[in-house]
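Residue numbers for the sequence shown follow my numbering, so the first one is 9 and each next one is one higher.
We treat Cβ as the ideally placed atom computed from N, Cα and C, and that holds for glycine.
Reviewing the structure listed below.
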Amino acid sequence: METLRGPQFTMNDGNTLVTEVVSDDDSHLCLYVLLQDMLKIGDLVVGFDIEWGFKGSSTSGSGSRSGRNTEHHSQSDKSELLTRKVEHHIAVLSFCTRLGCVLIRLAPNHISPSLKRFFSIKDIMFVGVHIKEDLQRLRSVHDLVVRNAVDLSDLAAKIYDQPRFLVYNARELACKIASLRVDPKPLNVLWSNWFENTLSPEQIESATIDAYATYRIGKKLMESGSSSVKRLFL
Numbered sequence: 009m010e011t012l013r014g015p016q017f018t019m020n021d022g023n024t025l026v027t028e029v030v031s032d033d034d035s036h037l038c039l040y041v042l043l044q045d046m047l048k049i050g051d052l053v054v055g056f057d058i059e060w061g062f063k064g065s066s067t068s069g070s071g072s073r074s075g076r077n078t079e080h081h082s083q084s085d086k087s088e089l090l091t092r093k094v095e096h097h098i099a100v101l102s103f104c105t106r107l108g109c110v111l112i113r114l115a116p117n118h119i120s121p122s123l124k125r126f127f128s129i130k131d132i133m134f135v136g137v138h139i140k141e142d143l144q145r146l147r148s149v150h151d152l153v154v155r156n157a158v159d160l161s162d163l164a165a166k167i168y169d170q171p172r173f174l175v176y177n178a179r180e181l182a183c184k185i186a187s188l189r190v191d192p193k194p195l196n197v198l199w200s201n202w203f204e205n206t207l208s209p210e211q212i213e214s215a216t217i218d219a220y221a222t223y224r225i226g227k228k229l230m231e232s233g234s235s236s237v238k239r240l241f242l
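This is the structure we're talking about:
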């Protein structure tokens with residue numbers, strides 16, 4: 009049976025995860041491997057996280073010119089405007105299951121059919137922290153609908169009657185809910201551009217930790233047995 013390939017990271021609870029990084033267009037096999045393993049063991053909870061990046065483009069405000077006119081204006085027209093537009097896009101989708109993690113790198117304004125099909129499987133529960141706006145962006149920009157998603161911030165606050173959980177990030181919430189102690193995200197990763205040509209080892213490890221944290225929180229809440237546990241469809 010196929011399995012994930014990539015670097016291995018040992019989490020603070022002793023579990024070791026394999027993380028595979030693929031482009032969206034090449035994600036079909038990884039998603040198939042995740043799905044087959046989930047069905048085999050009967051665990052359909054997927055830790056879900058998103059990393060954002062930025063793309064810039066330069067545009068001239070005066071239009072194109074040719075011939076001698078171009079040379080004349082390039083030397084004398086000091087008022088010509090050059091505008092650099094920076095746009096933020098979802099750059100990486102992170103999935104974590106018992107098997108491991110898959111980081112899927114997206115191109116701006118493009119989602120593959122394989123990824124859309126994976127998100128549309130109603131039996132999979134995608135769990136994440138503060139994911140409402142991310143899912144709205146996926147819906148509005150990519151026309152991608154996640155059939156079954158749970159915002160763990162809301163769910164944890166309801167179950168434990170702790171409104172402060174609403175502002176915790178994934179690592180903080182994992183510490184409180186699942187006793188998973190994780191260091192804060194390094195600043196060099198926090199401020200990095202996830203559209204770089206190659207993800208750094210630090211970026212891959214950080215994305216793995218965040219996705220694993222959401223998986224652990226989700227499993228803890230789903231298996232609590234509390235009558236207060238309800239799916240929060242987004």
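Query raised in the report: So residue 216 and residue 27 are in contact, right, with Cβ under 8 Å, and what is the actual spacing, rounded?
Result: 5 Å
Requested in this report: Check the C-beta distance from residue 99 over to residue 202 and give it rounded, since I have them as a contact under 8 Å.
Outcome: 4 Å
**Report entry** CB contact flag (residue 213, residue 15, <9 Å)
**Finding:** yes
**Report entry** Buried versus exposed call for residue 136 [16 or more other C-beta atoms within 10 Å across all chains shown]
**Finding:** buried
Query - Pick from 39, 180, 182 and 228 that is closest to residue 108, judged by C-alpha positions - result: 39
Query raised in the report: Shortest alpha-carbon distance to residue 197 belongs to which of 141, 208, 224 and 148?
Result: 208
Query raised in the report: Hey, how far is the Cα of residue 62 from the Cα of residue 200?
Result: 10 Å
Query raised in the report: Is it right to say residue 22 is buried, meaning 16 or more other beta carbons lie within 10 angstroms of its own, or is it exposed?
Result: exposed
Query raised in the report: Do you know how far the Cα of residue 103 is from the Cα of residue 177?
Result: 17 Å
Query raised in the report: Below 8 Å, can you find three or more Cβ-Cβ pairs linking the stretch 120 to 134 to the stretch 159 to 168?
Result: no
Query raised in the report: For the stretch 172 to 225, which segments carrying the alpha helix (DSSP H) assignment without a break, of at least 4 residues, lie completely within its bounds, in sequence order?
Result: 178 to 186 and 195 to 198
Requested in this report: Could you have a look at residue 31 and say whether DSSP puts it in helix, strand or coil?
Outcome: strand
Query raised in the report: Are the CB atoms of residue 179 and residue 169 nearer to each other than 9 Å?
Result: no
Query - Distance between residue 54 and residue 46 (C-alpha atoms, nearest Å) - result: 9 Å
Query raised in the report: For residue 59, is the classification buried or exposed, using 16 other Cβ atoms within 10 angstroms of its Cβ as the cut-off for buried?
Result: buried
**Report entry** Same chain only: Cβ atoms within 6 Å of residue 51, ignoring 5 sequence neighbours per side
**Finding:** 106
Query raised in the report: Can you tell me whether DSSP reads residue 19 as helix, strand or coil?
Result: coil
Report task. From the DSSP output, in three-state form, read off residue 118 for me. Result -> coil
Report task. Throw me the rounded Cβ distance for the residue 122 and residue 36 pair, which I believe falls under 8 Å. Result -> 4 Å
Query - Collapsed DSSP secondary structure at residue 101 in the structure displayed - result: strand
Query raised in the report: Who are residue 154's beta bridge partners in DSSP?
Result: For residue 154, which the question treats as bridged, DSSP gives no partner whatsoever.
Requested in this report: Locate the alpha helix (DSSP H) running through residue 139, then write down its first and last residues.
Outcome: Note, residue 139: premise wrong, no alpha helix (DSSP H); not H, not E.
Query raised in the report: Can you tell me whether residue 218 is buried or exposed, with buried defined as 16 or more other CB within 10 angstroms of its CB?
Result: buried
Query - Run of the beta strand (DSSP E) containing residue 112, from where it starts to where it stops - result: 109 to 113
Query raised in the report: Near residue 152, what residues of its chain come up, given a Cβ to Cβ distance below 8 Å and the 5 sequence neighbours on each side ignored?
Result: 119, 123, 124, 127 and 146
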